[in-house]
Amino acid sequence: MVDGEKLPIRLDADVARTVLDDTEENHAKLDCVSELVARFSKQLQARFNPDEMHAHGIPDVEDVLEIMDRAAAELKDTSSFGMT
């Protein structure tokens, strides 16, 4: 990079943009942030692992969709409400 040139880092497009100077200290900070993001991503992947979800009693997406479809069909069937 050219001296004085900024390294833009967008944290959230709707909230903030942070601009860091291209220095060794900032590179170390960015490495730390990258490591934290990687760890967080790994934790999310582990949390939403299908086996882990089953262990906590969370059904598969397909099962939830099927349950919702059945419930919607039951609501459309007005005969159970005494209406014909």
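48 is the number of the first residue of the sequence shown in my numbering; add one for each residue after it. Beta carbons are placed, not taken as given, at the ideal position from N, Cα and C, and that holds for glycine.
Do you know offhand how far LEU112's Cα is from ASN96's? 18 Å
Along the alpha helix (DSSP H) that carries ASP110, what are the first and last residues, could you check? DSSP places ASP110 in the uninterrupted alpha helix (DSSP H) bounded by 108-123.
Simplified DSSP state of PHE95, which is helix, strand or coil: Note: PHE95 maps to coil in three-state DSSP.
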